[in-house]
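Chains as they are written, first to last, in this note's numbering: chain L, 1 to 148; chain S, 1 to 647. No residue lacks a Cβ here, since even glycine has one placed at the ideal position from N, Cα and C. What follows is a single structure, written as structure tokens, with notes after it.
Structure (structure tokens):
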């Protein structure tokens, strides 16, 4: 478990998972009582190739410090090229983020299979650590839109 | 019109409420926009709770509902039915997972888990506020099912499935059917021998034209969706034609000059390169172990027409609607030195001993020594304090005691000592324990922290035990043979786990969605598990789960069609400028170019759309969305999570 050190914040992570593959993998982490930072929130979709890059930018505007895409990788029940399509979405979102002054490293993608409980937990811990180093999204020019 | 939403926060006994302050969650969301009522419930899935929900919906004229409980994998359909019974469209029901993804994952941080629950429930409420009524899509399904593993559970499932009219593909890795049960000998309580049971099942199988058996076959690939999967299998040659017989197989086997340890007998005997596991193994034709065959040609001299050394590995692609995994267990193999295993000539595992009994005639002899005293040491490889196998293997107490009764029947003067931790002969198996005690079998109980000591002095083996039944008295026995009552461990299924992506539990067996409510289903729709692939079971229990998974498969495929989530793409006619990118990315040909209201736009053929959403990010006009996952819904969820939590 990533322990929160004094003065550190708990970065809020939005996880996009998939209904039939990565979300069950994330469930399995809970089932096995494996711990990861509680500030990770999952929104499950049919397939990671259907993520609208605008949602990612919207999440930053609303104050999420990082967005993690738990993609299906080669297990995708819909299409073989799911990873490439998802990678394109990540790229587009990263470009958009950079354009408005958000560190593109705040967007991360990894393949999480239906039994990938441990990899998911490790990703969450590492991503959380990385986001702690990057600091709060509020400190970035394009980050949380306080007026909204 | 604004939605009227009911919110239920489940305790799940204490699974949620032990870590998440459910009352606080309720109070934090009860004033959210649209929420008409918010309640906590001890078990949302209980019958009484479901009835209360229906009543609430009708009395308060609700048109939206949120239950925050376990994973939607478990109860989404339960609560969708509740909604439907009360007249709400099932897709206006939203399930929020605050168990697997909150209370269990963050049991170490209850306060933060509570905050997360509040945010998640709020996110669910926002989604419910935007959810639109939807109608499910129907797809046709393939009338075929694969059963992976031809042991008792797999064979029984194949028969049951075939009788429902499904085409069954029974796939067995070994060249012979029967699995572990064919190694066992007499079974409790019928006394029927494993081999006989296998023969009975096999004869039933071959009566049915809609069961196709492949032995020596392995699964190579698995793809597609529930109702329509592709299963790739690889069939290793037997080098003997299965459609031809020869009356001299026994003679041919004897003539083979090659001898290798016989795995079927756990190395107690040797077998030839052309072999059968046992005389009446099925299919009837022997198989050739090509890795050990010297190709001397002796076997071919008799009945040359049945041999075919040119047989090649065959690959097949099967179209199936569902699959049942009945891959069984492996016996726990004690570590070298564990109670003298492998270090002493007087120590065998229970499985080895059962083979020894099967192979013995007249006298019970091992290593040229007649066996008159046997010491059984229980719980070997099960209920381990330090090891991986924390579980009880459930069958072994009964198996050992049953073995002891069989010994007494066959060899009148034999004495047995049972060195146990606890005797778990549940249900009617308790009668065996009673009979064994009546027979004069001696029971000695040890503490898990003070297991018996096995001391080998030359040919003499002594077992020392501190017996709790005689207030800790140190007792020494001097058995001719020690039988380690070894439990069940999962088969080495790593490859299959990767192919089917079925979750593995803490015990490393295949994991069902829910041990009580959905005991043979996995998170992968259309993939079922049965028998000892999902954990230790006795044969009765194995067959029960095998029949249960057959019934589930039948109910899934029998209608010929499946109702699929009505999650399809939808085009905003006003925003669409037809650039064709959605059409390019769609691999299901679900997008058509259409003229409507004076302009060219994209049109979604809902029968072809699979609802992956790949068309969404490629649309620069953002004119395409997925039903059930619209911008309003997703952004609403993000808003719900991110708004501050007070208190």
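Report the residues of the stretch 51-64 of chain L with a CB closer than 8 Å to any CB of chain S, ordered along the chain.
-> 51, 52, 53, 54, 55, 58, 59, 62, 63, 64
Could you tell me whether any Cβ in chain L is nearer than 7 Å to the Cβ of residue 499 (chain S)?
-> Answer no: the Cβ-Cβ gap between residue 499 (chain S) and chain L never drops below 7 Å.
Assign residue 450 (chain S) to one of three DSSP states: helix, strand, or coil.
-> coil
Given a limit of 8 Å on CB to CB distance, which residues of the stretch 85-113 of chain L reach chain S?
-> Cβ contacts with chain S come from 85, 88, 89, 92, 113.
Write down the C-beta distance between residue 329 (chain S) and residue 491 (chain S) rounded to the nearest angstrom, noting that I regard them as a contact closer than 8 Å.
-> 6 Å
Hey, out of S:131, S:100, S:144, S:5, whose CA is closest to residue 19 (chain S)'s CA?
-> Residue S:100 is the option with its Cα nearest to residue 19 (chain S).
Is the Cβ of residue 116 (chain L) closer than 7 Å to any Cβ of chain S?
-> no
Enclosing beta strand (DSSP E) for residue 66 (chain L) [first to last residue] = Element bounds for residue 66 (chain L): 66-71.
Report the option in S:280, S:341, S:236 whose CA atom is closest to the CA atom of residue 249 (chain S).
-> When only C-alpha atoms are compared, the closest one is S:280.
Which of the residues in the stretch 66-80 of chain L, read from start to end, lie with their CB under 9 Å from any CB of chain S?
-> 75, 76, 77, 78, 79, 80
N- and C-terminal bounds of the beta strand (DSSP E) containing residue 230 (chain S) | 228-235
Is residue 441 (chain S) near residue 416 (chain S), with beta carbons less than 7 Å apart?
-> yes
Length of the line joining the Cα atoms of residue 106 (chain L) and residue 66 (chain L) | 5 Å
Step through the CB atoms of chain S and report whether any lies within less than 7 Å of the CB of residue 30 (chain L).
-> yes
Where residue 617 (chain S) sits in the DSSP three-state scheme = The answer is helix: DSSP assigns residue 617 (chain S) an H, G or I state.
Counting pairs of beta carbons, one from the stretch 196-206 of chain S and one from the stretch 175-187 of chain S, are three or more of them closer than 8 Å?
-> yes
For chain L, find out if any of its Cβ atoms is closer than 7 Å to the Cβ of residue 578 (chain S); answer yes or no.
-> no
Go through its chain and collect everything with a Cβ distance to residue 287 (chain S)'s Cβ below 6 Å, but skip five positions before and after it.
-> 175, 238
Residues of chain S with CB under 8 Å from residue 14 (chain L), in chain order?
-> Think of a sphere of 8 Å around the beta carbon of residue 14 (chain L): the chain S residues whose beta carbon falls inside it are 638, 641, in chain order.
Check whether the Cβ atoms of residue 109 (chain L) and residue 59 (chain L) sit closer than 7 Å, and answer yes or no.
-> no
Label residue 147 (chain L) either buried or exposed according to how many other C-beta atoms from any shown protein chain fall within 10 Å of its C-beta, with 16 as the threshold for buried.
-> Bear in mind that the predicted position of residue 147 (chain L) carries a pLDDT of just 46, short of 50, making it unreliable; the figure below should be weighed with that in mind. By the neighbour-count criterion, in which 16 or more other beta carbons inside 10 Å mark a residue as buried, residue 147 (chain L) falls on the exposed side.
In chain order, what residues of the same chain have a beta carbon less than 6 Å from the beta carbon of residue 453 (chain S), not counting five sequence neighbours either side?
-> Hits under 6 Å: 464.
Can you tell me which of S:145, S:609, S:117, S:44 puts its alpha carbon nearest to the alpha carbon of residue 558 (chain S)?
-> S:145
Let me know the secondary structure DSSP gives residue 574 (chain S) once reduced to three states.
-> coil
Measuring only between beta-carbons, confirm whether residue 421 (chain S) sits less than 7 Å from chain L.
-> no
Chain S beta carbons: is any one of them nearer than 7 Å to that of residue 83 (chain L)?
-> no
Less than 7 Å separating the beta-carbons of residue 510 (chain S) and residue 533 (chain S)?
-> Yes. Within cutoff.
By the criterion of Cβ-Cβ separation under 9 Å, what are the contact partners of residue 45 (chain L) in chain S?
-> 613, 626, 629, 634
With 7 Å set as the bound, which would you pick, yes or no: does the beta-carbon of residue 101 (chain S) sit closer than that to a beta-carbon of chain L?
-> yes
Out of S:524, S:565, S:427, state which residue places its alpha-carbon closest to the alpha-carbon of residue 115 (chain L).
-> S:524
So, residue 52 (chain L) versus residue 616 (chain S), is the Cβ gap smaller than 7 Å?
-> yes
Does residue 413 (chain S) come within less than 7 Å of chain L when only Cβ atoms are used?
-> no
Sequence-distant residues of the same chain with beta carbon closer than 7 Å to residue 125 (chain S), five excluded per side | Taken in chain order, the residues that qualify are 5, 7, 29, 32, 34, 35, 66, 640.
Using a C-beta cutoff of 7 Å, does residue 330 (chain S) count as contacting chain L?
-> Answer no: the Cβ-Cβ gap between residue 330 (chain S) and chain L never drops below 7 Å.
Locate the alpha helix (DSSP H) running through residue 581 (chain S), then write down its first and last residues.
-> 581-585
CA-to-CA distance, residue 116 (chain S) to residue 476 (chain S), given in whole angstroms = 59 Å
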